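So for the sequence shown, my numbering puts the first residue at 6; every next one is plus one.
Don't be surprised by glycine CBs; every beta carbon is placed ideally from N, CA and C.
Quick caveat: nothing in here was measured; it's all calculated off a predicted structure.
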Amino acid sequence: MSDDLAPALLTINGAIAEVSLNRPKSLNAINVEMAIALRDIFAQLGQNTEVRAVILRGEGRVFMAGGDLNYFRQASDKAAAADALIGPIHEAVSLLASLPQIVIACLHGAVAGAGMSLAMAADLAVAEQGTVFNMAYAKVGNSPDCSGSWSLPRIVGVRRALEIALLSDDLSAEQAMNLGLINRHVDKGQHEIEAKKLAERIAGNSPVAMANIKKLMRQSHSYSLEQQLKSEADAFASTASGEDFSEAVEAFFERRKPVFSGR
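Listed below in structure tokens is the structure:
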């Protein structure tokens, strides 16, 4: 792929969509054009009832090296430049988190700065051996964006999150696995295969159930026990009245694999 093409690409194959960061010559660093492209892609996916799983990946040698520092270097008004970039990329992250589909980050090479934040915003993550993670913001004299400060403490705890963000040390894929930053650590060159396997498994489940599970898990940190119990009851009752639940119950007693319609 070339940096001359669209900065982010969407391909759909049946129930699985693939979103590719496509600035390989710039190590997929986020610029305004990529931020807008991602925002528009996630908005489009949010309206697509046929897609059941999304793979987020990077073209070239890395997943993403962070924000485009050259963009800021050339800006005469860096605060205005920051607003122009952060506005659409934060919209994109919010849309990603609220997608009814499950999003799987497929990681390789460098996963740094905004790239690490974006990877953590996904629902699941797969990384190949040799992948290097780094929050990196402290290295450029700034603080996290793209929901990094929201995701990291929820995944690893506040004390460990502070260490990772303040020191900006490299983390190996093995360390990321131990910290819970990724779900799968696979051999070199196997990350895309593993991500597709996960996507296929998820796409074979009831999309209504998958969406409800995602929503319940994501809101749980902000809800009281009573609020969460109410949300669980509402979600369960709503899903129980649908065709997918009836199909799953019948398939269980008939000892066959259910076929979900998404209704």
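Worksheet item: By the 10 Å Cβ neighbour count, where 16 or more other Cβ atoms means buried, how is His226 classified, buried or exposed?
Response: As a first step, residue 226 must be located in the sequence shown, where it is residue number 221. His226 should be labelled exposed.
Discussion item. If I follow the unbroken alpha helix (DSSP H) through Ala245, where does it start and stop?
Written reply: Taking the sequence shown and counting its residues from 1, one reaches residue 245 at position 240. Unbroken alpha helix (DSSP H) run through Ala245: 230-245.
Item to complete: Would you mind reading off the limits of the alpha helix (DSSP H) that contains Ile60?
Response: Stepping through the sequence shown from its first residue, residue 60 is reached at position 55. Looking at the DSSP string, Ile60 is not in any alpha helix (DSSP H); the run it does join, the beta strand (DSSP E), is 58-63.
Discussion item. Taking 8 Å as the cut-off, does the region 103-111 touch the region 55-71 (at least 3 CB pairs, one atom from each stretch)?
Written reply: yes
Item to complete: Could you tell me whether the region 73-87 touches the region 124-143, using the rule of 3 or more Cβ pairs below 8 Å?
Response: no
Discussion item. Tell me which residues share the same chain as Glu64 and place their Cβ nearer than 6 Å to its Cβ, disregarding the 5 neighbours each side in the sequence.
Written reply: Stepping through the sequence shown from its first residue, residue 64 is reached at position 59. Met6, Ser25, Asn27, Pro29, listed in sequence order.
Worksheet item: If we ignore side chains and look at the alpha-carbon of each, how far apart do Gln232 and Leu10 end up?
Response: Residue mapping note: residue 232 aligns to position 227 of the sequence shown, counting from 1. Residue mapping note: residue 10 aligns to position 5 of the sequence shown, counting from 1. Those two C-alpha atoms are separated by around 46 Å.
Discussion item. Relative to the C-alpha of Asp150, which candidate in Ser99, Gln52, Leu14 has its C-alpha closest?
Written reply: Within the sequence shown, residue 150 is the residue found at index 145, counting from 1. Nearest C-alpha to Asp150: Ser99.
Practice prompt. Consult DSSP for Phe138 and reduce its assignment to one of helix, strand or coil.
Written response: Against the sequence shown, residue 138 aligns to sequence position 133. Here Phe138 carries a strand assignment [DSSP, helix/strand/coil].
Item to complete: Have a look at Gln195 and Ser81 and give me their C-alpha separation to the nearest angstrom.
Response: Mapped onto the sequence shown, residue 195 falls at position 190. Mapped onto the sequence shown, residue 81 falls at position 76. Computed Cα separation, rounded: 43 Å.
Discussion item. Is the separation between the beta-carbon of Gly120 and that of Gly153 shorter than 7 Å?
Written reply: If you number the sequence shown from 1, residue 120 lands on position 115. If you number the sequence shown from 1, residue 153 lands on position 148. It is not a contact, given that the beta carbons lie outside the stated cut-off.
Discussion item. Quick check on Asn18: does DSSP put it in helix, strand or coil?
Written reply: Indexing the sequence shown from 1 puts residue 18 at position 13. Annotated three-state conformation of Asn18 is strand, per DSSP.
Worksheet item: What did DSSP end up calling Arg261 once you bin it into helix, strand or coil?
Response: For the purposes of this step, residue 261 is identified with residue 256 of the sequence shown, where counting begins at 1. Three-state DSSP puts Arg261 in coil, outside helix and strand.
Worksheet entry | Among Leu171, Ala13, Val137, Gly247, the one whose alpha carbon lies nearest that of Ile41 | Stepping through the sequence shown from its first residue, residue 41 is reached at position 36. Measuring from the Cα of Ile41, the nearest candidate turns out to be Ala13.
Item to complete: Under the assumption that Leu176 contacts Phe138 (Cβ atoms under 8 Å), give the Cβ distance between them as a whole number of angstroms.
Response: In the sequence shown, counting from the first residue as 1, residue 176 sits at position 171. In the sequence shown, counting from the first residue as 1, residue 138 sits at position 133. Confirmed, about 4 Å.
Practice prompt. With DSSP as the reference, please indicate the residues paired to Glu23 in a beta bridge.
Written response: Within the sequence shown, numbered from 1, the residue matching residue 23 stands at position 18. Answer is Thr16, Ile60, bridged to Glu23.
Item to complete: Look at Thr244 and Asn217 and say whether their C-beta atoms are less than 7 Å apart.
Response: Taking the first residue of the sequence shown as 1, we reach residue 244 at position 239. Taking the first residue of the sequence shown as 1, we reach residue 217 at position 212. Taking 7 Å as the Cβ cut-off, Thr244 and Asn217 qualify as a contacting pair.
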